[in-house]
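Keeping their order, the protein sequence lines are chains A and B. Every number in our numbering is 629 more than the matching position in the first sequence, counting from 1. Every number in our numbering is 629 more than the matching position in the second sequence, counting from 1. Below: one structure, written as structure tokens.
2 protein chains.
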Amino acid sequence: MQDVISFIEANQQNYIEELKEFLKIPSISTLVENREDINRCANFVASKLKDAGMSRVEIFKTEGHPLVYGEWLGAPGKPTVLIYGHYDVQPVDPIELWDSPPFEPAIKDGKIFARGATDDKGQVFMHIKSVEAFFKVEGSLPLNVKFIIEGEEEIGSEHLELFINHNTDLLKCDTVLISDTALYEEGVPTITYGLRGLSYMEVEVTGPNRDLHSGTFGGAVGNPINVLSNMISKLQDKNGKIMIPHFYDDVLKLSKKENDNFKRLKFSEKKFAKELGVAELQGEKGFSSLERTWIRPTLDCNGIIGGFTGQGAKTVIPSKASAKISMRLVPNQDPAKIAREFTKYVKKIAPKSVKLKIKDLHSAYPVLISLNDASTVAGTKAMEKAFGKKIVFIREGGSVPIVTTFVKKLKVPTVLMGLGLNSENLHSPNEHFNLNHFRLGIMSSAYFLKEYSA
Amino acid sequence: MQDVISFIEANQQNYIEELKEFLKIPSISTLVENREDINRCANFVASKLKDAGMSRVEIFKTEGHPLVYGEWLGAPGKPTVLIYGHYDVQPVDPIELWDSPPFEPAIKDGKIFARGATDDKGQVFMHIKSVEAFFKVEGSLPLNVKFIIEGEEEIGSEHLELFINHNTDLLKCDTVLISDTALYEEGVPTITYGLRGLSYMEVEVTGPNRDLHSGTFGGAVGNPINVLSNMISKLQDKNGKIMIPHFYDDVLKLSKKENDNFKRLKFSEKKFAKELGVAELQGEKGFSSLERTWIRPTLDCNGIIGGFTGQGAKTVIPSKASAKISMRLVPNQDPAKIAREFTKYVKKIAPKSVKLKIKDLHSAYPVLISLNDASTVAGTKAMEKAFGKKIVFIREGGSVPIVTTFVKKLKVPTVLMGLGLNSENLHSPNEHFNLNHFRLGIMSSAYFLKEYSA
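Here it is, written out as structure tokens:
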């Protein structure tokens, strides 16, 4: 194993040069004009998988962007790990805020700057290189490996979801390894073992059948904006508790082990508030910010609109107002059940003076991986060896719907071994990836393959 | 007097032809491309005033659109009435909804269709024609008359306000006669003796210093939309009562006479709700719809915006959200005091997790004219004679800021002798004016000059 690690150390410069080639391809999934780049990028990934030693590499066409699949199943009796990642990237706007062109990778202060550097090209490339190192040094892998690398993560993974549903045999594995999340802090080995789910609703309130003059009619008719505001105010009490009946029924309590883990993280509420520019944080009473974002379900309005929103004054009572309201869910809340309870409650609190239209726009199941799962244990040991430090276990407030799909359809755990940092401007100008984390990531991946094979 | 009335009867067709010429001029005050039409329209009004018999007619240039002034002061010892109106009109969009071109007057079912027909060309023209009838029949007027006809009513009357401030001597009078409001119902003589005032505020709530991912941060930071909604919900209690301290301090109680008048109006709440398309009306508990719109102060959100308002779902916590909130005021509420109390209360109910920006966008004083005032009494008799029916006294929920200016600066009452109907599509496609009301309006104006001179 030491030879593999030494090989990885010795080849850092080559890896960076190859990563640059990957980053030069503007594989923006949401833009039609980048369609050819997407195909070029899929071919690039396929050739890298072949070069790395995969015995079968295939590009699967979809109704959307192609999926790149690779496998090496030369270790019968050993477990199989499926490595997931994505080669597509976010758009680059606002382009004028980039210090260097987004598709001309630049290295500065030990970081590589380019669109996709941390999300997710740099991270998916770590696994390709660790696999390659095994083949180069040992001629084989210690276990069976499959890769599935998609081109639609930034636009919802629609076709990968379909592909998984129809190809559970092809993708059969014992665990899924993903590097698309963040370290808790720079240089701190981290495994993310929980993700929040989501129920995203839209509520449209219609009052009078047309916009009215607020002088002539004001006071005699339910105003959709006021009504909607009142309804939103009834979704939470003054302590931030969500008032929807049965909302908390299925919420798991934090285990003692998790609680102890969180306490070790030494999170500074003061620094957090300062960084956000707020005089005071606000959230569910009795919980810390980490708990509020990781283990507690929440409710946020993501958008609201109604009436006159231009400059100045217009004396109108609008006919309609609407709001997008999403709830982040935690294990074991069920988004379908939450959407039903939300709808029932919203109907109940609406006055008879208005009509309602309620839409369920989007949902995701929460995920919780046992810290005792074999692949989590392997991931822990792997990162601790690579970093030479004790691991921290964290959760993530957002949702990664594809993880739920892997867990539900393939019926296996996942290991979220992300090497990014939340400060690396993913989705923003000047996205970058810490090259030391890139190096430690390749080693962590190699250690993982070894540890999990045992 | 009977001769004057007969003359008016006999000349209906001429009046309608002349009115058509007035309506053909597209004097849209808000559009730069109609600047020349505005000037042409001012000249048209001036020439009609001269033709009617005014001894002095002058067009006053302003920084905006011209004011047309006319006077005849040949009745020393008699009172002076100032007649106000406006020759500018609203834009015509959406043009495709007009059944006939907006500046090609068309007569159908006893109504004249054109932009400005009821608001206000048709109505201001009634007074010019009644004055003319006196001169033609009697060679003089029974009292002194001044006209001030502006071209900026639809865009805020800014330059007339300034003109009044600087020309109180020129405009000196005993009462102001205005026809720019509506009859209670078709064929029912009506005087409007009260107008609501206005305090129009804007509240901007800023939470975090940037838009945040609602997964990563949701639950740990004050969401400006939720905070704003909560604040709006605290502006009124569940009975529709406004919770701002001292808000109701200066509200006048309804007199017995007014109350009896309102009861005579036989307003149908059911018909009102049906016409608005709502299953239930909503407003301050314990008051009828007429009371809610005429004699009670109210609070309405006129606009709200924050976060993602496009199609579909975006998981964002916005940095900002804002709402336009206006309060209709009744005598003797003071908009400056109300704006102060609003600001104080909103600051008080805002949590420390957000910053506030509160703007006072617009205000107007409420107006109440005594039913015992000599000009109101004259107006009452005049309309009752013209219509052959008993008058009804109504209030109006909206504000007409220029009325406040007349009352405050010239220190005289006003008579709001409007001949329009709220159903005549003012500000909308297919604006029209009932020609029978046009006829009765000219007579009412003539009777008024006679009655008020006595």
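C-beta atoms are modelled at their ideal positions from N, C-alpha and C, and glycine is treated no differently.
Next on the checklist: Measuring only the C-alpha atoms, how far is residue 847(A) from residue 1026(B)?
Outcome noted: Their Cα atoms are separated by approximately 7 Å.
Next on the checklist: Less than 8 Å between CB atoms is the rule here; does residue 675(A) satisfy it with respect to chain B?
Outcome noted: Under the 8 Å criterion on CB atoms, residue 675(A) is classed as non-interfacial with respect to chain B.
Item to check | Burial state of residue 874(A), where buried means 16 or more other Cβ atoms lie within 10 Å | outcome: The Cβ neighbour count for residue 874(A), taken over all protein chains shown within 10 Å, is under 16; the residue is labelled exposed.
Checklist entry - Measuring CB to CB, does residue 728(A) end up less than 8 Å from residue 783(A)? => result No, the Cβ-Cβ distance between residue 728(A) and residue 783(A) is not below 8 Å.
Item to check | Length of the line joining the Cα atoms of residue 986(A) and residue 868(A) | outcome: Their Cα atoms are separated by approximately 28 Å.
Item to check | chain B contact residues for residue 980(A), given Cβ-Cβ distances below 9 Å | outcome: Within chain B, the residues near residue 980(A) are 909, 911.
Item to check | Other residues of its chain near residue 865(A): CB distance less than 7 Å, five sequence neighbours each side excluded | outcome: The answer, listed in chain order, is 871, 872, 928.
Item to check | Distance between beta carbons of residue 906(B) and residue 838(A), contact taken as under 8 Å | outcome: In this structure residue 838(A) touches residue 906(B) by the C-beta definition: roughly 3 Å separates them, less than 8 Å.
Checklist entry - What does a CB cutoff of less than 8 Å around residue 857(B) pick up in its chain, not counting 5 residues either side in sequence? => result Here residue 857(B) has 832, 834, 933, 935, 950, 951, 952 as same chain residues with Cβ atoms under 8 Å from its own Cβ, once five neighbours each way along the sequence are excluded.
Item to check | residue 802(A): first and last residue of the uninterrupted beta strand (DSSP E) it sits in | outcome: First-last for residue 802(A): undefined, no H or E at that position.
Checklist entry - With burial defined as no fewer than 16 other Cβ atoms inside 10 Å of the residue's Cβ, what is the status of residue 719(B): buried or exposed? => result For residue 719(B), the number of other beta carbons within 10 angstroms of its own is at least 16, and it is reported as buried.
Checklist entry - Going along the region 736-759 of chain A in order, which residues come within less than 9 Å of chain B, judged by CB to CB distance? => result Along the region 736-759 of chain A, none of the residues has a CB nearer than 9 Å to a CB of chain B.
Item to check | residue 828(A) beta carbon less than 8 Å from that of residue 1030(A) | outcome: It is not a contact, given that the beta carbons lie outside the stated cut-off.
Next on the checklist: Let me check understanding here. Comparing Cα to Cα, which of 689(B), 841(B), 979(B), 1020(B) lies closest to residue 904(A)?
Outcome noted: The residue with the shortest Cα to Cα distance from residue 904(A) is 841(B).
Checklist entry - For the beta strand (DSSP E) that contains residue 716(A), what are its first and last residues? => result Careful: residue 716(A) lies outside any beta strand (DSSP E) and carries neither H nor E.
Checklist entry - Do the region 738-746 of chain A and the region 795-806 of chain A meet, that is, are 3 or more Cβ pairs less than 8 Å apart? => result Touching, no, given that fewer than three Cβ pairs across the two stretches are closer than 8 Å.
Next on the checklist: Suppose you measure from the CA of residue 1034(B) to the CA of residue 792(B); what does that come to, to the nearest Å?
Outcome noted: Between residue 1034(B) and residue 792(B), the C-alpha separation is close to 11 Å.
Checklist entry - Once you ignore the five residues that flank residue 1048(B) on each side, which residues in its own chain have a CB closer than 6 Å to its CB? => result The beta carbon of residue 1048(B) sits closer than 6 Å to the beta carbons of 752, 808, 1066, 1070 from its chain, once the five residues preceding and following it are set aside; these are given in chain order.
Item to check | Range of the contiguous alpha helix (DSSP H) that encloses residue 755(A) | outcome: 751-767 is the span of the alpha helix (DSSP H), which, as asked, contains residue 755(A).
Checklist entry - What do you reckon, are the CB atoms on residue 957(A) and residue 823(A) nearer than 8 Å? => result No, they are not a contact pair.
Checklist entry - Looking at the structure shown, is residue 1081(A) part of a helix, part of a strand, or coil, going by DSSP? => result Three-state DSSP puts residue 1081(A) in a helix.
Next on the checklist: Looking at residue 1044(B): is its Cβ nearer than 8 Å to the Cβ of residue 1004(B)?
Outcome noted: Yes, they are a contact pair.
Checklist entry - Which value, in whole angstroms, describes the spacing of the CA atoms of residue 706(B) and residue 982(A)? => result The alpha-carbon separation between residue 706(B) and residue 982(A) amounts to approximately 57 Å.
Checklist entry - Hey, would you say residue 693(B) sits closer than 8 Å to residue 781(B), going by beta carbons? => result Yes, the pair counts as a contact, with Cβ atoms nearer than the cut-off.
Checklist entry - residue 990(B) to residue 749(A), Cα distance in whole Å? => result Distance between the alpha carbons of residue 990(B) and residue 749(A) is about 48 Å.
Checklist entry - So the alpha helix (DSSP H) residue 644(B) belongs to, where does it begin and stop? => result From DSSP, the alpha helix (DSSP H) with residue 644(B) extends over 641-653.
Item to check | Meets three-Cβ-pair contact criterion under 8 Å: the region 960-970 of chain A and the region 954-974 of chain B | outcome: Output reads no: the region 954-974 of chain B does not touch the region 960-970 of chain A.
Next on the checklist: Can you check whether the C-beta of residue 879(A) is within less than 8 Å of a C-beta belonging to chain B?
Outcome noted: No, its Cβ sits nowhere closer than 8 Å to a Cβ of chain B.
Checklist entry - Grouping DSSP H, G and I as helix and E and B as strand, with all else coil, what is residue 846(A)? => result Residue state, collapsed to three classes: helix.
Item to check | Completely contained beta strand (DSSP E) runs for the region 643-710 of chain A, where each covers 3 or more residues | outcome: Runs of the beta strand (DSSP E) inside the region 643-710 of chain A: 685-689, 696-701.
Checklist entry - Where does residue 1024(A) sit, in a helix, a strand or coil, going by DSSP? => result Residue state, collapsed to three classes: strand.
Item to check | Opening and closing residue of the alpha helix (DSSP H) in which residue 935(B) lies | outcome: It is not in any alpha helix (DSSP H) - residue 935(B) instead sits in the beta strand (DSSP E) that spans 927-936.
Checklist entry - Between which two residues does the beta strand (DSSP E) containing residue 985(B) stretch? => result Judged by DSSP secondary structure, residue 985(B) falls within the beta strand (DSSP E) whose first and last residues are 984-993.
Checklist entry - To the nearest angstrom, how far is it from the Cα of residue 768(A) to the Cα of residue 1015(A)? => result In this structure, the straight-line span from the alpha carbon of residue 768(A) to that of residue 1015(A) is close to 22 Å.
Item to check | Where residue 901(A) falls: helix, strand or coil (DSSP) | outcome: In the three-state reduction of the DSSP assignment, residue 901(A) falls in the helix class, which pools H, G and I.
Next on the checklist: At the 8 Å Cβ level, is residue 843(B) part of the contact set with chain A, yes or no?
Outcome noted: Interface residue, yes.
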